[in-house]
Each structure stands twice: as structure tokens, then as C-alpha cells.
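To start, the structure itself, in C-alpha cells.
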Amino acid sequence: MSGDGKKWVGKAVPRKEEERLLRGLGKFADDIKLGETLYLRFVRSPYAHAKIVTIDTSRAEAIAGVVCTLTGSEIASKTQPFIQIAPDAGGKIRDFPMAVSRVRYQGEPVAAVVAVSPRITDDGAEVVQVEYEALDPVVDAEQALTDASILHDEAGTNRVWSGVFEYGDVEKAFREAASVVEIDRMHFHRFSSTPLENNVVIGQWDSKDDRIYYWCNNSFPSFAIQFLAAHLGVHIDRIRVQTFDIGGSFGIKITSYPQMAVCALASKKAGGRPIKWVETRSEHMTSSAHGNERTFRDTRVAVDKNGVITAITSRHIDDCGAYPRYEPLGCVIWSQVFPGVYRFKNARIEFSQGVTNKCPVGPNRGYSRMQHLWFLERVVDICAHELGIPADEMRLRNYIRPEEFPYTTPNGCIYDSGNYPKMLELAKNLIGWDSWKKKQSDRRKEGRMIGIGIGTTLDSGTNNFGQSQIVNPGAPFSGNSQGANCKLDIYGEVVVAVGSCPQGQGHETTAAQVVADVLNISPDLITVRTGFDTERNVHTGFSGTYASQFAVSGLSAVHGAAQKLKAEMTKLGAFVLESRLEEIEFGVGAQGPELRSKANGKSINYWGLANIVNVNSAVLPPELYDVTLNCRYIWRAPFKVPDTKKKYGNLTMTYASQLHIAVVEIDPETFIPKLLDYVAVDDCGTVINPPIVEGQVYGATAHGIGAALLENCVYDAVGNMLTSTFSDYIPITAVNIPNIKYGHIETPSPHSYSGAKGMGEGGAAPIHTISAALQDALFEKGVFIEDSFNNADSLFRALKGEIGRAADLVKVERRA
Amino acid sequence: MAIKFAGSFEVQRTPEEVYDFLTDPNKFAPLLPDFRGLTVHDAQHFTVKVNVGISYIKGIADVKMQLLEATRPTRAEYRGQGSVAGGNVSMVAGFNLAPSGQGTKVAWEGDAQVFGRLTSVAGGLLEPLGKKQVQKLIDGLQAALNGASGGAR
């Protein structure tokens, strides 16, 4: 690690954020109070698909306190449609922040009311009259791809993107297979995230300087401002975005830029007054963003005589909701983990994505990869059951072996490190595998339905944005970078600024740990400024918090900035202390952090150094004029642009892995699945702060359990979202979380300076694990777990034979 | 969310009398459950105000009605569209009239679509509530028609 010690990295340093957040002293976007603030409320469509015949806002405008209203057509007359990432037809979609002439999902904004108080906006929104003419809705992506009813006339098709990912010799593998397993259909359900804090935007288009100011909780602001600048027709430097403490995002807050646009436009119309929009929970559920729903069709799996999978072919259909927005990036991001943790080399995946009359999707906890990893885990798991191979043995036969790392996948991704057999062994020990196997056998004799499931998964971190060129060769993105600044303030305080937007990941603490090791001081002596602020000038076009990357990209930038600062301090210290560079030591003395000379024993504290550069500069010789003690560093990931024709290249820097085991019992009377035992083993390379890592493992596990058993965005045939409140969409709480046994191993990454890997999303391991456990419980009853969501109702229906009939969905051809 | 209704009844009135009753908003509309008021726009269009209450969701709905099909004395069909708290309702209701003895057999069918958050917050209640309200309408219609001829049967 470039000469810095490891006194603090790897230690259980208490979180610097804890004091503030646990005492309710955090500062969130809604805490921002600005003079003359106005409030905004959206009027939203009850229809999933309809023409807007008329909108009459006059009654709202007549209410005392209502300042103005906005409609989609007014916005369309003043702005450009949002940039589309898709090429061809998908790229022609005209997306505005409010519906212009047609609504395409229930909850889509059609008008906005701006007033002096939130209550008056509510009154105004109630009396906006909108006349609709209902159109045929499309709520299924497979149906959407038939183009029987087209959502976006300008595109001429509902197909946003399609492509074939083919590697190796698939036909040969199938010719030589000892067994071929065919699976007709699997389905990964639609769910979202339920952060404690919903979306909040305060936007001001200040007429005095013609700049747009945002105070908000968007979690990828550098992406948002690129979309906003083009949409609003302003230079990007005219937009300032600040974020603060953020009460959870899980990716969902990446796509709040449409609401940010409306707030700016409303502010301009209202004479430059700040406009505050605070999303309600129901709005969040119906209209913010959902995770991608995906259907897997016609899967074929070639297996050799040893139970080793040699090839997979399948058709994947992704549902991106009404507008692509961040899509079709999800059409390629899954391929970061193309073979999962398995060794098969031959595969052909035909991937398509369609728009439907449902809430647009957005990145969500393990974005795009978890759908694919769930698919692979189901494939491996059902092959094991059908071929009579024990679940643990099947994994061991197919895992990438520890000695094969760094491992190049069939599509050119380079897995940095890992040891999946060791994780399996640890997880089995922690859960008491043999004991549970015996209990399972005994209890099955009593008619009880108990299953034990394994889920092995990956959390790929630090994207190569060049993968966007695989979906659109004209996309102007590649690589990845992150910025940080490290300085000595005038009074000698070490201040670190980063371009991330932490939502509980402990960036303040881990950044301080890294700098503390570089400067050989305590993290307590370091102030870390987190939260995005364009004016800090530490962001790049990739800055934000998403895709499990801070440990690599963010901390590499922090480390680089700290090293630059250290070099400048050393240079200045050598001058002041009349010593050579190599004689300068960093440490803490009687007057705080200081530099000492090993040669003559002289020392100077940080205040003295900072004083010289900042307010006493006449003492500096010209050769030290380049010393600023204010060091900005941009870290760049060493990526290349992938081969877009072959869809080949390294798409991610690090691959954290998770191995979970669950024991599940299905109540024979109520069909409620209950977790009897649960183990989560994690490998994120070198651990920077163990309690933070452990906390993120618990969080990701809780979310995955919620997704597997409780959370489901259900739409009816006409596009009504039937689960728009917490009565029906049940977020995970402490009540539903079992005692999780945690374990970890460390396989340091050779791709990051510290050996750490990005982590936190957890690869949605519980979804795969619980599906496998339910499969184990119900295999002998002829049930195939075909869906990623399983609750009492679906298990009841499966046991009645209404869904998931293995005889209909799974076929095995044995040739040996 | 789609809700379908159908049924039939007989009244001691001629098909012409039943048809005239059904196609006269001033007679027909007040039979709607929780009727509050009526505005007749022309021979085919009228707006009915009704009270709506589903659990804790309460309000007044303006339902725009259109006489879509009027074939005297065999068929009348209405289309309606209304906004209620948290949702919109679209419906089509048809009445087929046929002589039956000295009276008329009225065969009716309806198809309602509910849109919006109402389906989420009150989804489970909508179908039974809708059927109850339709039954009230039919009972009222039957009573009114029979009453006009001298009493319900």
C-alpha cells in the first residue's frame, strides 16, 4: 500500500457517523429550510395507459396560495426530451418528466401544483380536472414484445433492446452432454426498495445568476446533472447539486432526475423561488422506480457424466416499465457475472427488453446481476435435484476453483479472487449442515416440509461504463473514475472531500481510516466531507454511490489524494526542518499531528505547515510555490473499451462473493414459509472496517429475505398496482429477520490498492438461497420453484398444482 | 380491476314503458345508490353526483353518463365514467328487453373497470361493494317499475 502503514485499515474503528445519525442529528434534504420556499405536489394518472384528452388546472389556480401549475405539454414546449441510452428504436422514445399527451403507467405525473404550503398543494391537486381516454394496457413484457399495443409511437415498437450473448461451442457441448435439462419458464419478480427517507428535491432556478440549485437526496448526481443539463438546455456548470445524509437509496434514488427537472422548471415559473417536493410513501411505491422484472424462457442445460454443467442456452426477457431511463444498461450489466461462480464455458443468452405500462425500473440492490444470478442458481439447483446430486456436491463440482483466479470468464470479465469451496465449508460448519440434514430426514417422516438451500453469488463492484457501448456503440461512456480532495486547512485540520453520497455505508469512517494510515495519525483527527457537492470539485462523471464501488473507486481516490498531500507535506517539512525528504517522519506530538526530522529532532505541527502555505507564504522559496497542501486526485480504473461486436471485455474490477445457507419450513396449515436457520458468509477481500462490513451483510441479507418472501409489486391486468401501500407490500423489519449467523473469509483483490472489493449489495443471495431451500422442501411433491417470490399464497397454489408443476416445466433427457 | 355483473328480472310493464323509463335520466338516475344530484346535458348525456364510501375513503363522485345505444323498445346501453377518491371507474351497462307474458323480461349486464390507487387500498372490498350497489340499483329499478304498475312483485 505505497508505504503507508496498516494501523487503522482493517480495524473496528467506531463509525464517525454514528453519533450524529443515532441521536437524530443527521441532516437530510427535508431538513433544509430556505426562505420563500414553495411546495409542489404532482397530480398522477390513475390509468396505466390512456390518452390525455384535456387538463384543466383553472380551479387549482383559483385557490388562494396556489402560485402556479405545470403540465406535461408546457414542459415539453420548453425542454428537450431526456437523453436515451438505447440505440435505434429505443433511442427514439421521447421521455419528459410529466406525461405530455399520453400516460403510460399508473402514477405517472400529468400536472404539478405549486403553492405556499403543502396542504394547499394537496387542495390544488384535488381539483385539477384531467379527462382520459383509456387505452389497452400492456403489463407483461413477453406480450409487449409482440407489439400488439405500442406504448411509444415514435419508437414504433416496444422492444427497447435485444442482442445475443454467445460464447464457446454450445452445439458441441450439447452433442456431448450426458444429460440435458430443459426448463420452460422461470420468472424473477418485480420489487423495489423502501428507504426510510423517500425522494426529496428542493430546486431553485435563481433568476439573479441564472443558475439552478438543488438540495436533494439523489444518489448518483453526476449522472443526473448530465441528463438535466441536456433536458433543460443549460450548461452543466450552471447546475449545482448538494446532497446530505441520505436515509437509504439502494439504487432507487438514482432516477429522481425527472422530479428534479420539474422542481427547477416550477421555480423558474414561480419567479425563482425554491420549490420543495417531498415524495409520499405511496408515490414512492407506485412511481419512483422498481427493480427489473425478468422472465427466463426455454432454458437448456448440458451436463456431463460427472454432473458438471458444460453449456446453458436461454432466452431472457426484461421488463423495464414505461420508460427506459437508466435502461437499457441492465441489458448488459447482468453479463458482469455471466457464469456466476461456475466454470461452464459455453453459453448462448438471447436477451430482450421491452417497455410495459408499469412503473419505470431503476437500479435496485444488485441491479440486473441478481436476476441473472438467481437464474443461474435455479439452474444449478434444479439440475442437482433432477440428477440426484446433493446440493453441496453439485456446487463443488461446478465452482470456479481457487487456483484458477484471476479467472477470465467466457465473456472476458476477470474475476479477481475468491474461494467458493472454502466459503461453502465455513457456511456448512456454521449452520451445522449434517445436523440439519438429519433433522430434515427425521421431520420429513412426520410429514413436515423442510428444505435446506444453498445460494452462492457475486457482488461485482466498480463498473466499466464501456459496457454501455455493448448496448449502444455510440454511447459516450467508458471506464470509471472517482475524485477526492485532501487538504490541510489554514489551522492545520486534515479535511477530506469525496464525491460520494453515502446512505449508511460509513464512508466518513473508512475514508478517515485510509488517510489516517497514510499520515500516521488517528482517524479522529480527520474530518471527512461526504455528500455530493458540485462546487467541491471532487466529482467526476461517475461520482455518486452505487454499484458497490466506494471501497475501490472512492477509497482509491482518497488514498491518492492523501498520498499527494503527504508528498507535499514532506517537501515542505524538509524545507522547514532543514532535513532531507527521507528524514521526515509523520506522527502525533505534544502539539498534535506533526512532522519530525529523524536527523535533527526538530518538528513542526500541521498548523505550522498550513500557516506557511496559506497565510505566511512570503517565507516560501520559489521552488515550493507548487505546494498547496490542497490536493485533488482523480482515480481512474484501468479499463479498456470492450469489444462491442463480440460482447467481450472486462466489465468490473472486483468480485465480492457471498454464500448463504437457509433452512426453511413450510407450515402445512397456513403454508407460511418460516426460516429456521440462516447463515451468511461473505468475502469482500481485505476488510477495511469489520463492523461496517458485517452491518452491510446483515442489511443486504435482510433485504434479500424481504424480496424473497414479502415484497412483490403486483399489477392487475389493466395496470393497477395492487401493492402500493405497506398493507400489501411488506417491507422487511426486525420482526421478520431470523438470527443470522455471520462468517467471512478474505481473498484480497489484486485489482485494488488495498485488496478490498466493493460490497454491500450482497448479490441478493437470500433470494437464490430461499428459492433453493423451498425447492428442497417441495421437490418430492412435484413442485418446481419457478418464481423468485414465494409467499404462503404462492406455495399453497404450488402444492395444489396450480403453478410450478415440475412435470410441465422441467424435462430431463438422460443419454448415458 | 374488472368487475362483471349480470342478471334479469321481470316487471308488469310493456317493453316500451320499461324502455322509456330506463332512457329517461330524470327517472333512472335517482335510482342510483347514494344519489345526490343530476345534470342533464342533452338527450344522450347527463352527469350524476353520487356519494361514495369505501371503508375510510369517502367522497362525492361525478359520474358522466352517455346513452350509447337506444333501440326502442329492445335495448338501452349506458357508458359511464367517474372519478372517486384515489381512482377512476369506467363502466358499461346494458339492458335487453323482451316481452314476457303481460310484462317484460329485463336482462341486464354490466362491466366495470376500476383504475387507480383505490384498487390497492380498497381492492378486496370493491367487488362485493360493487355487486351490492348494483343489486340496490336493480332492486330500485324493479320496485319503481312495478310500483308504477301498482306494486312490486
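One line per chain: the protein sequences are A and B, in this order. Heads up: the first sequence begins at 473 in the working numbering, then just goes up one per residue. Heads up: the second sequence begins at 94 in the working numbering, then just goes up one per residue. Every residue, glycine too, gets a C-beta built ideally from N, C-alpha and C.
Inter-residue spacing [alpha-carbon to alpha-carbon] between residue i and residue j
i, j, result
"T551(A)", "G705(A)", "7 Å"
"K1272(A)", "P1140(A)", "12 Å"
"Y577(A)", "H1223(A)", "43 Å"
"Y604(A)", "A205(B)", "16 Å"
"T424(A)", "L493(A)", "In the structure displayed, chain A extends from 473 to 1288; residue 424(A) sits before or after that span and is not available."
"K523(A)", "S1025(A)", "46 Å"
"K1094(A)", "L1037(A)", "Per the sequence shown, the amino acid found at residue 1094(A) is Pro instead of Lys. Roughly 19 Å between the two C-alpha positions."
"I557(A)", "V804(A)", "12 Å"
"T758(A)", "P693(A)", "22 Å"
"K198(B)", "K229(B)", "18 Å"
"G923(A)", "W905(A)", "12 Å"
"Y988(A)", "L1067(A)", "Before going on, a small fix: residue 988(A) reads as Ala here, not Tyr. Taking the straight line joining both Cα atoms gives about 14 Å."
"V104(B)", "K151(B)", "34 Å"
"L700(A)", "A733(A)", "6 Å"
"P874(A)", "T1219(A)", "10 Å"
"G196(B)", "R106(B)", "5 Å"
"G496(A)", "V485(A)", "21 Å"
"G1276(A)", "R631(A)", "28 Å"
"F646(A)", "D709(A)", "56 Å"
"N1161(A)", "G482(A)", "5 Å"
"R1001(A)", "W687(A)", "16 Å"
Residues of its chain near residue i, where Cβ-Cβ distance is below 7 Å and the 5 sequence neighbours each way are ignored
i, result
"E858(A)", "V653, V1282 and V1284"
"D641(A)", "N818"
Integer-rounded CB distance, given that residue j should sit under 8 Å from residue i
i, j, result
"A1152(A)", "Y1097(A)", "No, A1152(A) and Y1097(A) are not in contact; Cβ-Cβ is about 54 Å, not under 8 Å."
"D1259(A)", "H844(A)", "Going by Cβ atoms, the distance from D1259(A) to H844(A) rounds to 16 Å, so no, they are not a contact pair."
"V986(A)", "L1027(A)", "5 Å"
"G971(A)", "G955(A)", "5 Å"
"A1128(A)", "G1230(A)", "6 Å"
"V143(B)", "A136(B)", "So it is not a contact: roughly 22 Å between Cβ atoms."
"M1041(A)", "L1081(A)", "6 Å"
"G763(A)", "Y798(A)", "At roughly 11 Å, the Cβ-Cβ gap does not stay under 8 Å, so G763(A) and Y798(A) are not in contact."
"W677(A)", "K748(A)", "With 8 Å as the limit, W677(A) and K748(A) do not qualify as a contact, their Cβ atoms being about 14 Å apart."
"T1158(A)", "A1249(A)", "With 8 Å as the limit, T1158(A) and A1249(A) do not qualify as a contact, their Cβ atoms being about 38 Å apart."
Spatial neighbours of residue i in its chain, beta-carbon cut-off 6 Å, leaving aside the 5 residues before and after
i, result
"D502(A)", "V672 and V750"
"I903(A)", "I1133, D1149 and V1151"
"R566(A)", "P553 and E626"
"L234(B)", "L124"
"P559(A)", "N944"
"S441(A)", "Outside the shown range of chain A (473 to 1288) lies residue 441(A), about which nothing can therefore be said."
"M1193(A)", "Q578, T758 and Y1187"
"I1257(A)", "S1243, L1246 and Q1247"
"R516(A)", "G579 and P581"
"P548(A)", "The residue asked about is misnamed: residue 548(A) is Ala in this sequence, not Pro. The answer, listed in chain order, is F568 and V572."
Neighbourhood of residue i by C-beta, 8 Å cutoff - its chain only, sequence neighbours within 5 removed
i, result
"K564(A)", "Q556, H624, E626, A627 and G628"
"R920(A)", "E1137 and P1140"
"S101(B)", "K198, V199, A200 and W201"
Chain C contact for residue i (CB, 8 Å cutoff)
i, result
"M158(B)", "The displayed structure is made up of protein chains A and B, and chain C is not among them."
Are three or more beta carbon pairs between the stretch 1259–1277 of chain A and the stretch 1180–1197 of chain A nearer than 8 Å? The answer is yes - the stretch 1180–1197 of chain A touches the stretch 1259–1277 of chain A, with three or more Cβ pairs under 8 Å.
Give a yes or no on contact between the stretch 773–781 of chain A and the stretch 1081–1088 of chain A, applying the rule of three or more CB pairs nearer than 8 Å. Three or more beta-carbon pairs separated by less than 8 Å are not found between the stretch 773–781 of chain A and the stretch 1081–1088 of chain A, which leaves the two stretches without contact.
Check distances from the C-beta atoms of the stretch 173–193 of chain B to those of chain A and list, in chain order, the residues that come in under 7 Å. Under the 7 Å Cβ criterion, the stretch 173–193 of chain B contributes G180, N181 and S183.
In the stretch 599–617 of chain A, which residues sit with their C-beta less than 9 Å from some C-beta in chain B, listed in chain order? Per Cβ criterion, the list reads Q601, V602, E603, Y604 and A606.
What are the residues of the stretch 818–845 of chain A that lie near chain B, defined by any Cβ-Cβ distance shorter than 8 Å? So nothing in the stretch comes that close.
Sufficient close CB pairs (3 or more, under 8 Å) joining the stretch 534–542 of chain A to the stretch 782–794 of chain A: They do not touch, by the three-pair rule.
Are the stretch 1032–1052 of chain A and the stretch 1075–1085 of chain A touching by the rule of at least three beta carbon pairs closer than 8 Å? Touching, per the Cβ criterion.
Of all the residues that make up the stretch 207–233 of chain B, which are near chain A by a beta-carbon distance shorter than 9 Å? Flagged, chain order: V207, F208, G209, R210, L211, T212, S213, V214 and G216.
When you compare the stretch 1161–1173 of chain A with the stretch 946–961 of chain A, are there three or more beta-carbon pairs, one atom per stretch, that lie closer than 8 Å? No contact exists between the stretch 1161–1173 of chain A and the stretch 946–961 of chain A.
Within the chosen definition, does the stretch 1233–1241 of chain A reach the stretch 828–847 of chain A through at least 3 CB pairs nearer than 8 Å? The stretch 828–847 of chain A and the stretch 1233–1241 of chain A touch, with three or more beta-carbon pairs separated by less than 8 Å.
Below 8 Å, how does it come out for the stretch 880–887 of chain A and the stretch 807–822 of chain A: are there three or more Cβ pairs, yes or no? Yes, they touch.
At a CB distance below 8 Å, what residues from the stretch 664–682 of chain A approach chain B? Give them in sequence order. Against chain B - using a Cβ distance shorter than 8 Å - the stretch 664–682 of chain A contributes no residues.
In the stretch 851–885 of chain A, which residues sit with their C-beta less than 7 Å from some C-beta in chain B, listed in chain order? For the stretch 851–885 of chain A, the set of residues with a beta-carbon nearer than 7 Å to any beta-carbon of chain B is empty.
For the structure I just gave you, are there three or more beta carbon pairs, one from the stretch 820–834 of chain A and one from the stretch 864–871 of chain A, closer than 8 Å? No: the two stretches stay apart, fewer than three of their Cβ pairs being nearer than 8 Å.
If you measure beta-carbon to beta-carbon, which residues of the stretch 532–543 of chain A are closer than 8 Å to chain B? Within the stretch 532–543 of chain A, no residue qualifies.
Give me the subset of the stretch 729–758 of chain A whose CB atoms are less than 9 Å from a CB atom of chain B, sorted by chain position. Residues S754, M757 and T758.
Please name the residues in the stretch 510–530 of chain A whose beta-carbon is closer than 9 Å to at least one beta-carbon of chain B, in chain order. If the cut-off is 9 Å between Cβ atoms, the stretch 510–530 of chain A has R516, S517, P518, Y519, A520 and A522 near chain B.
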